[in-house]
Amino acid sequence: MNRYQKLFSRAESKGEGVFIPFVVLGDPDPATSFKIIEGLVENGADALELGFPFSDPIADGPVIQRAGQRALAAGVRQEDCFRIIKKIRKKFAGIPIGLLVYANLVLARGMAVFFRSAKKAGADSVLIADVPLLESAPFRRAAEQAGIDLVLVLPLHAGRETVIKVAGKSRGYLYLLSRKGVTGVDQEAGLPSRDLMQDLKNLNAAPPVLGFGVSTPEQVCAALEAGCRGVISGSAVVQRVEDYVTGKAPLEDLFSFIRKMKDAAR
Amino acid sequence: MLKKNPSPYYGNFGGMFVPELLVPALLQLEQAFLKSQKDSAFKAQLNTLLTTYAGRPTPLTLCHNLTAGVTSRIYLKREDLLHGGAHKTNQALGQALLAKHMGKRRIIAETGAGQHGVATAIACAVLGLKAVVYMGVKDIKRQQPNVFRMKLLGAEVIPVTAGAATLKEAINQALRDWAGSYETTHYLLGTAAGPHPYPLMVKTFQTVIGVEAKKQFLKAEGRPPDAVIACVGGGSNAIGIFAPFLNNKDVRLIGVEAAGKGLDSGLHCASIQKGKEGVLHGARSLILQDRDGQISDSHSISAGLDYPAVGPEHAHLHQTGRAEYVGITDRQALEAFQLLSQKEGIIPALESAHALAHALRMVKKSRKPLRLLVNLSGRGDKDLTLAEKALRKN
Chain A
0 MNRYQKLFSR AESKGEGVFI PFVVLGDPDP ATSFKIIEGL VENGADALEL GFPFSDPIAD
60 GPVIQRAGQR ALAAGVRQED CFRIIKKIRK KFAGIPIGLL VYANLVLARG MAVFFRSAKK
120 AGADSVLIAD VPLLESAPFR RAAEQAGIDL VLVLPLHAGR ETVIKVAGKS RGYLYLLSRK
180 GVTGVDQEAG LPSRDLMQDL KNLNAAPPVL GFGVSTPEQV CAALEAGCRG VISGSAVVQR
240 VEDYVTGKAP LEDLFSFIRK MKDAAR
Chain B
0 MLKKNPSPYY GNFGGMFVPE LLVPALLQLE QAFLKSQKDS AFKAQLNTLL TTYAGRPTPL
60 TLCHNLTAGV TSRIYLKRED LLHGGAHKTN QALGQALLAK HMGKRRIIAE TGAGQHGVAT
120 AIACAVLGLK AVVYMGVKDI KRQQPNVFRM KLLGAEVIPV TAGAATLKEA INQALRDWAG
180 SYETTHYLLG TAAGPHPYPL MVKTFQTVIG VEAKKQFLKA EGRPPDAVIA CVGGGSNAIG
240 IFAPFLNNKD VRLIGVEAAG KGLDSGLHCA SIQKGKEGVL HGARSLILQD RDGQISDSHS
300 ISAGLDYPAV GPEHAHLHQT GRAEYVGITD RQALEAFQLL SQKEGIIPAL ESAHALAHAL
360 RMVKKSRKPL RLLVNLSGRG DKDLTLAEKA LRKN
């Protein structure tokens, strides 16, 4: 069993949901970023979703855009991101690590090289925000060859054909997109229908995890009740990172938020 | 779904590199566009708009004084005379009409020089649609007259402050808007770039330039041109005038990129000559970027060429060698800008001045007489303040 399979089976046997916080690697600098990610794990993160900073993040709202800009301004390169991942992996052997990137970063490094670097650093999965199912074949092949799970996104109101294909092809977990728009907390997450969740079960899909706009413990409970196996919280987490790095709030505020979100998943 | 769907790819380039969420919106747009191309009522409506409203056909002008003393001839396709002041109106009307047929009442667009924003505002005003235009704050500063024009035409202009605050960031922001609004909103992308079906659709709506020019040139010269020359930012005016000549291998197709302060200065927008393969704004193409895959900031005196990528078909035409791509610097473009004004009484857009500058260079270098077709894609009124400042400095 790989790390995701172990995590989801352990969570299932305990009757828990999985809580996955997202942060941008290198935000605001590599050393602080490592300290933050370390704290996420120590305060209850079941898995990690780590974004590579990119100059043109079209799927992201202002909070995550700013985080990427902070990392880029600090001179963070892909090499630095892989180095942070390696350090996290060294410290936490069992936690699943997912990467969130944009296609150009993968192509600039070379598709095969990128996935091999991810594997070597200790990552488990990669989600490419601007590679939809239609364009995913070469990426899926390269990921598989490197032993990386390529995660695909399924919008809640996707057509049946897309549901079947994404269910069949997403590896590691399946990213259920809770709503339209870009990442951010200004719009609340929607919830999947009972039919969709049953459909995914029947199709033997990887565990569905809900993301986009998940920012409160109540939303975590609602998502799990609707049948999601976990949730990803991005902008709400990254906003607290920003509050810390701009001196508006102590790091403990971020960590207590992580504990509350994990508690809600129990 | 229709059976014979066009490929989203031009060789290695193109595709639909967007978040999964936007795929259904693009497929819906593709279907609507393909249907419109078989719909004679749609075509008639668009044709009426182009002829009775926008001023098509535009003339072909032989330069009489610019080439005095030499036997070469330069013909200008006068898209500067199109309503709105640039070729952009052709396809803004096409897409806005399509959006109306699709039942979408809100139109979003990005703009660099402001020409596409103005064209969008015009198309939306005449067709009764709501226009929202994203524009980088740097461009808002350097293209003030167009900002006021858009507002006067009833469009809402939203400033974009991220990054270098030019066209690239404006497109990012428009894409983000569309991810949340696609059910009621059409994204009226301004150039032959972006995800499929935009490159195909924009080319189709701009091909009217080449179709007219080909006929006009034949009538004037009794033969096709030696070369067709157009400036390339995203590449819509160039692909529009190239399209009818693509199969005529005797006609050289030359795209002129903005070399800014020089092709080796790092301050330019020569994505084809200096870019690497990658993905930006939904398409695989040639892109100015660093070794890590971060997109570079581009530079040009002309805001309309200031874009670090290029439409995928141009990347393909470059790779196959069917078209050639060259660079013209800010300074060379300014010279051509003045020359055309003084010799022919036509003030060109700084973008189009790049194409003209290369034509003049060809004429100068050539030992045999050339017959050249230059796409004068826009007029220079919007550039007056900027040009005045730049010329005072020189």
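First to last, the protein sequences are chains A and B.
Heads up: the first sequence at position 143 corresponds to 142 in numbering that gives the first Met the number 0, and the numbers run straight through without jumps.
Heads up: the second sequence at position 44 corresponds to 43 in numbering that gives the first Met the number 0, and the numbers run straight through without jumps.
Here a beta-carbon is modelled for each residue, glycine too, at the ideal position from N, C-alpha and C.
Measure the alpha-carbon distance for V69/B versus L217/B and round it to whole angstroms.
21 Å
Starting from T31/A, trace the alpha helix (DSSP H) both ways and give me its first and last residue.
P29 to E41
Can you tell me where the beta strand (DSSP E) with Y101/A in it begins and where it stops?
It is not in any beta strand (DSSP E) - Y101/A carries neither H nor E in the DSSP assignment.
Quick one, which residues of the region 74 to 96 of chain A are near chain B if we go by CB-CB under 7 Å, in chain order?
R76 and Q77
Which term fits L1/B, buried or exposed, when burial requires 16 or more other beta carbons within 10 angstroms of its beta carbon?
Any reading at L1/B needs caution, since the residue's pLDDT is 43, under 50, leaving its predicted position unreliable; the model's value is listed next. The residue in question, L1/B, is exposed, as its Cβ has fewer than 16 Cβ neighbours within 10 Å.
Does DSSP put E256/B in a helix, in a strand, or in coil?
strand
Would you please verify whether the beta carbon of R258/A is less than 8 Å from any beta carbon of chain B?
no
Taking the straight line between their C-alpha atoms, what separation do you get for A128/A and S351/B?
36 Å
The alpha helix (DSSP H) spanning P207/A covers which residue range?
That residue, P207/A, is in no alpha helix (DSSP H); its beta strand (DSSP E) goes P207 to G210.
According to DSSP, which residues form a beta bridge with Q288/B?
I294/B
So, with DSSP's three-state summary, where would you put T206/B?
helix
In angstroms, rounded to a whole number, what distance separates the CA positions of A308/B and L104/A?
15 Å
Let me know if H63/B comes out buried or exposed under the rule of 16 or more other beta-carbons within 10 Å of its beta-carbon.
exposed
May I ask you to report which of helix, strand or coil DSSP gives M0/B?
With a pLDDT of only 40 at M0/B, under the threshold of 50, the placement of this residue in the model should not be trusted; the figure read from the coordinates follows. M0/B: coil per DSSP, three-state reduction.
Chain-ordered neighbours of L20/B on chain A, where CB pairs are closer than 7 Å:
P154, L176 and K179
Tell me whether E160/A sits in a helix, a strand or coil according to DSSP, three-state version.
helix
Quick test of your reading: I57/A and R175/B, contact by CB under 8 Å. State the CB separation rounded to the nearest angstrom.
6 Å
Could you list which residues in chain A have their beta carbon closer than 8 Å to that of R330/B, in chain order?
In chain order: nothing, as chain A lies at least about 29 Å away.
Name the DSSP beta bridge partners of N374/B, please?
K76/B
Considering just the uninterrupted stretch of the alpha helix (DSSP H) at D217/A, what are its terminal residues?
It should be pointed out that residue 217/A corresponds to Glu in this sequence rather than to Asp. Its alpha helix (DSSP H) spans residues P216 to E224.
Is it buried or exposed, F409/B, if we count other Cβ atoms within 10 angstroms and call 16 or more buried?
Since the displayed chain B opens at 0 and closes at 393, residue 409/B lies outside it and no answer follows.
Going by Cα to Cα distance, which pick from A40/B, K388/B, G379/B and N374/B is closest to A212/B?
N374/B
Am I right that G67/A and F53/A are in contact with their C-beta atoms under 8 Å? What's the rounded C-beta distance?
6 Å
Contact between the region 74 to 87 of chain B and the region 194 to 211 of chain B (3+ Cβ pairs under 8 Å):
yes
Could you give the distance in angstroms between the alpha-carbon of E48/A and the alpha-carbon of A242/B?
45 Å
With which residues is T184/B paired in a DSSP beta bridge?
R105/B
Are V219/A and L175/A touching if we call contact CB-CB under 8 Å?
no
Would you tell me roughly how many angstroms separate the C-alpha atoms of P7/B and P56/B, rounded to the nearest one?
30 Å
Can you tell me which of the three DSSP states M361/B falls into?
helix
For K261/A, count the other beta carbons within 10 Å of its own beta carbon; 16 or more makes it buried, fewer makes it exposed. Which is it?
buried
Using three-state DSSP, classify Y172/A as helix, strand or coil.
coil
Pair within 8 Å by beta-carbon distance, A108/B and L187/B
yes
What does Y8/B pair with, by DSSP beta-bridge criteria?
G13/B
If you check the beta carbons only, do A229/B and A354/B fall under 8 Å apart?
yes
For the region 33 to 105 of chain B, list the beta strand (DSSP E) runs that are entirely contained and at least 3 residues long, ordered along the chain.
59 to 61 and 72 to 77
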